[in-house]
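Read the structure below first, then the notes.
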Amino acid sequence: MDYNMGKYGTSLTNEIIAESLSKDIIEQIELNQSQIINLDFSTIKLLTTYSVKSIFRPISEKYGIENIFSHIQLINVNKDLQVIIKQGLNSIVE
Amino acid sequence: MIIVVPKHLGIENIGNFLIQTEVVFKLVNKNQPDFIFDVSQIQRLCLLGQLILYKFISFTSENKCFAGPRVAFNTNRNLERVLLQYGFYDIIHAYIVSPDDEEQKINAYKNLRVIESSNILIAPQRLLRSENNLKNKLEEDLFNRIFGFYKNDDKSRVICTAIGELLSNFWSHATDDSGTVMVAEGNQDYIDICFADNGKGIITTLKESIPQYKYVDSSIILKSAINKGVTSKPNTNHMGLGLYNTSVISKHNNGYFRIISEGYDLLQSRGKEIIKKTGYWKGSIINLRIELQNITCLRDMPELVVADKFNLFKE
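Sequence lines, in order, name chains A and B. Sequential numbering of the first sequence, starting at -17, is according to this note's numbering. Sequential numbering of the second sequence, starting at 100, is according to this note's numbering.
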């Protein structure tokens, strides 16, 4: 199933939106245990490293960073935004 | 005591102004009488100069440095026109006319004001950490307006990433009484972004959070602030990439990136990095100017690209 990452806004730059998304994604994982959730970034214009970490850190704390990508995958992500997402996720691992 | 602001207050002589004014940071609650702030001679004032002028007035007013201070304006129409044009007039006026009326001062900022013609001007915005809804709305509105003005997602994303990282940095340290203000202006060829606050300052913040910095020279500490991960905050989502990413964006786009904090001035411009002593400023001042004619995108900045450890992205 697809989850629209633009649900709360097209610029994911602060913890207010990040926390809402994080909660939603955890809820979707719980509801759809056997399915992979596609996080759809097609409407997202902007991300900051802080918001990436704020979105994914609670999820990785719950499921483990190595395991979360067996539950979710990221689709339609602009190449520039991929740079920011990788920076954010790497910092969770480090 | 009299402080006379020079005829031209541009990025090249901001340091002299800071030396001239640093005394005020020792005058908190002193209510020193007979102070005149003479702005009557100003003929040219850059965006950063306007912000610093405003922050000087707001700091001295909020911290009761002077009793009955006077601003010598002498109908300086040139200054009036510039301050009106860039949105500083009302907020300075509020401090001069109603220094004790907090609501009026906050109201002077109104909502996000973005003026667009062939240029874009983001009028001064006060970052109030306590107003989460405002923060969210401000960022969404601000970034939508920038994407709308440039009509070029690559340009807009570079600009907004820099602003977003700097905002995130300031939000993380800002308290409402640190008085963080942002202002920006530009056109299709460049953008000039300025932030200033009277918070703790980058050097003090780093000294407090990194024990081994306790005895390190302040100039080295400020210089390290733009290194990867240095400004991270343990056990938070702040990774210390805000200033680092901004510095990389600046380098790749013929930028001018300057951080002034607590008596030191760090400038990165056209491949050079200079750090020098300057007048003491309580808090931080950040100025980023990037050229936009031949934009280098984030994906083309090798310093920002890290390995995809998790095979994250599906087409």
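Just so you know, even glycine gets a beta-carbon here, dropped at the ideal spot from N, CA and C.
- For residue 346 of chain B, no CB of chain A lies under 8 Å from its own CB, so it is not counted at the interface with that chain.
- In this structure, DSSP gives residue 0 of chain A a helical state, which the three-state scheme calls helix.
- In this structure, residue 383 of chain B sits away from residue 349 of chain B, with a CB-CB distance that is not shorter than 8 Å.
- Counting only Cβ-Cβ distances below 7 Å, residue -1 of chain A has contacts in chain B at 235, in chain order.
- In the structure shown, residue 398 of chain B falls within a helical segment according to DSSP collapsed to helix, strand and coil.
- Sorting B:374, B:248, B:112 and B:202 by C-alpha distance to the C-alpha of residue 220 of chain B places B:248 at the top.
- Pairwise C-beta distances place the segment -16 to -7 of chain A in contact with the segment 25 to 33 of chain A, as three or more of them are shorter than 8 Å.
- Within the same chain, 363 and 374 come within 7 Å of residue 318 of chain B by CB-CB distance, once the 5 residues on both sides are set aside.
- Between the C-alpha atoms of residue 182 of chain B and residue 132 of chain B there is a straight-line separation of about 27 Å.
- The C-alpha of residue 15 of chain A lies about 15 Å from the C-alpha of residue 21 of chain A.
- The beta-carbon of residue 405 of chain B is placed less than 8 Å from the nearest beta-carbon of chain A.
- At least 8 Å separates the beta-carbon of residue 225 of chain B from that of residue 260 of chain B.
- Across the structure, residue 150 of chain B and residue 295 of chain B are spaced so that their CA atoms are roughly 7 Å apart.
- In the three-state reduction of the DSSP assignment, residue 368 of chain B falls in the strand class, which pools E and B.
- Your pair residue 409 of chain B and residue 51 of chain A checks out as a contact, with CB atoms roughly 5 Å apart and the cut at 8 Å.
- Below 8 Å, too few C-beta pairs join the segment 108 to 117 of chain B and the segment 37 to 49 of chain A to call them touching: fewer than three.
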